[in-house]
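Only one structure is covered here, and it is reproduced in the block below.
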Amino acid sequence: MATKEEKTRAFGRLLDILDELRVKCPWDRKQTNESLRTNTIEETYELCEALMRDDNTNIKKELGDLLLHIVFYAKIGEEKGAFDIKDVCDSLCQKLIYRHPHVFGDSSADTAQKVEQNWEQLKLKEKGGNKTVLEGVPASLPSLVKAQRIQDKARNVGFDWEKREQVWEKVQEEFNELKQEIEKMDSDKMEAEFGDLFFSLINAARLYKINPDNALERTNQKFIRRFNYIEEHTLKEGRSLKEMTLEEMDQLWETAKREGL
17 MATKEEKTRA FGRLLDILDE LRVKCPWDRK QTNESLRTNT IEETYELCEA
67 LMRDDNTNIK KELGDLLLHI VFYAKIGEEK GAFDIKDVCD SLCQKLIYRH
117 PHVFGDSSAD TAQKVEQNWE QLKLKEKGGN KTVLEGVPAS LPSLVKAQRI
167 QDKARNVGFD WEKREQVWEK VQEEFNELKQ EIEKMDSDKM EAEFGDLFFS
217 LINAARLYKI NPDNALERTN QKFIRRFNYI EEHTLKEGRS LKEMTLEEMD
267 QLWETAKREG L
């Protein structure tokens, strides 16, 4: 592994390269915060995909792509006279030190949950920080991830089940309410109850230390593998999926399961 000095030189080299690209490359020169934003989202999802696969080669690659965006935004900030990469690093260091008083100060926190609770309390005390517990949850987060963050923040101030087993009563309650609305076929209320059921299931996942986004993605990938298996075998027979009966597709699905797909 590289020494601290080697890491510092590598980061400095990256900054030098971006400075030169910003001057000499027509594409890099014309980029703005807004033009980069969509690509940043895409790069973040590509990193997430590599992380899900525990693919170290692509994790390294996607981290590099994301790092490029970070230094690019800092360069644009520097050109505007607003901030530069040093300000970004200094601000992050100050925040990390402030929010870890059990490491850099006199307080104590002997569990990860206690650290999270202290973190939320310190954020509320920061000058210019969050004024309310849930203010720090970005409005643009995907709904499933947003639900996780909302529940985490509520937990960190004590709003949680006394025993995690109690959540299943809530899940059952929401499921029953959904069934009632389905019987009435009120589309607006059905949607609302579906949301309540999803939210309660995400709560259950949190309590049992399951990442619901990871769990759903695993199921997505499993479905893709098994459905592709059905389609591949159908094409080998010179047929299309539309020509298959549901029973035939179910049989191939079960075969895919037995083969561990």
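In case it helps, the numbering used here puts the sequence shown at residues 17 to 277.
Note that beta-carbon positions come from the ideal geometry of N, C-alpha and C, so glycine has one too.
Per DSSP, what kind of secondary structure is E22 in: helix, strand or coil? By 1-based counting over the sequence shown, the position of residue 22 is 6. In the structure shown, E22 sits in a helix (DSSP, three-state: H, G or I).
Whose CA, out of T24, E190, S203, lies closest to the CA of K102? Mapped onto the sequence shown, residue 102 falls at position 86. Looking at the Cα atoms, T24 is the closest of the given residues.
Flag this pair as yes or no: are the beta carbons of V183 and A220 separated by less than 8 Å? Translated into positions along the sequence shown, residue 183 becomes position 167. Translated into positions along the sequence shown, residue 220 becomes position 204. Yes, they are a contact pair.
Euclidean distance between Cα positions of G152 and H249: For this step, residue 152 is matched to residue 136 along the sequence shown. For this step, residue 249 is matched to residue 233 along the sequence shown. Approximately 49 Å, taken between the alpha carbons.
Taking E189 as part of the alpha helix (DSSP H), name the residues at either end of that continuous run. Locating residue 189 in the sequence shown gives position 173, where the first residue counts as 1. For E189, the uninterrupted alpha helix (DSSP H) run begins and ends at 183-200, by DSSP.
Exposed unless 16 or more other CB atoms sit within 10 angstroms - verdict on E263: Sequence index remark: in the sequence shown, residue 263 carries index 247 (1-based). Classification for E263: exposed.
Run the CB neighbour count on N172, radius 10 Å, all protein chains shown included, and call it buried at 16 or more, exposed below. Against the sequence shown, residue 172 aligns to sequence position 156. N172 should be labelled buried.
Of the residues E189, K252, E247, the one placed nearest K258, counting alpha carbons only: For the purposes of this step, residue 258 is identified with residue 242 of the sequence shown, where counting begins at 1. The residue with the shortest Cα to Cα distance from K258 is E247.
By the three-class DSSP mapping on this structure, what secondary structure does C41 have? Here residue 41 refers to the residue found at position 25 of the sequence shown. C41 carries a coil assignment under DSSP once its states are collapsed to helix, strand and coil.
What are the complete alpha helix (DSSP H) segments, minimum 4 residues, inside the stretch 92-167? Complete alpha helix (DSSP H) runs here, min 4: 101-114, 117-120, 128-141.
Taking Cβ to Cβ, would you say M206 is nearer than 8 Å to E197? Here residue 206 refers to the residue found at position 190 when the sequence shown is read from its first residue. Here residue 197 refers to the residue found at position 181 when the sequence shown is read from its first residue. Yes, the Cβ-Cβ distance between M206 and E197 is below 8 Å.
First and last residue of the uninterrupted alpha helix (DSSP H) at K273: Here residue 273 is taken as the residue at index 257 of the sequence shown, counted from 1. From DSSP, the alpha helix (DSSP H) with K273 extends over 262-274.
Shortest alpha-carbon distance to D168 belongs to which of S159, L150, S156? On the sequence shown, residue 168 is found 152 positions in, with the first residue counted as 1. Closest by alpha carbon: L150.
So, does the CB of R29 fall closer than 8 Å to a CB anywhere in chain C? Judged by its chain identifiers, the structure shown contains no chain C, having just a single protein chain.
Hey, K76 and R38 are a contact pair by Cβ (cut 8 Å); roughly how many whole angstroms apart? Counting from one through the sequence shown, the residue named residue 76 turns up at place 60. Counting from one through the sequence shown, the residue named residue 38 turns up at place 22. Beta-carbon to beta-carbon, K76 and R38 are separated by about 24 Å, too far to satisfy the 8 Å threshold.
For the alpha helix (DSSP H) that contains L251, what are its first and last residues? The residue given as residue 251 occupies position 235 in the sequence shown. Where L251 is concerned, the enclosing alpha helix (DSSP H) stretches over 228-252.
Backbone secondary structure at D70 - three-state DSSP: The residue given as residue 70 occupies position 54 in the sequence shown. DSSP places D70 outside both helix and strand once states are collapsed to three, so it counts as coil.
Using a Cβ-Cβ cutoff of less than 6 Å, which residues in the same chain neighbour H116 once the five nearest sequence positions on both sides are dropped? Along the sequence shown, one-based indexing puts residue 116 at 100. Cβ contact annotation for H116 (same chain, cutoff 6 Å, sequence separation greater than five): none.
Can you give the beta carbon distance from R241 to L277, rounded, assuming they're within the 8 Å contact cut? Locating residue 241 in the sequence shown gives position 225, counting from the first residue. Locating residue 277 in the sequence shown gives position 261, counting from the first residue. Right, their Cβ atoms sit about 4 Å apart.
For V161, which residues of its own chain have a beta-carbon under 7 Å away from its beta-carbon, when the five flanking residues on both sides are left out? As a working note, residue 161 is residue 145 in the sequence shown. Within the same chain, D229 come within 7 Å of V161 by CB-CB distance, once the 5 residues on both sides are set aside.
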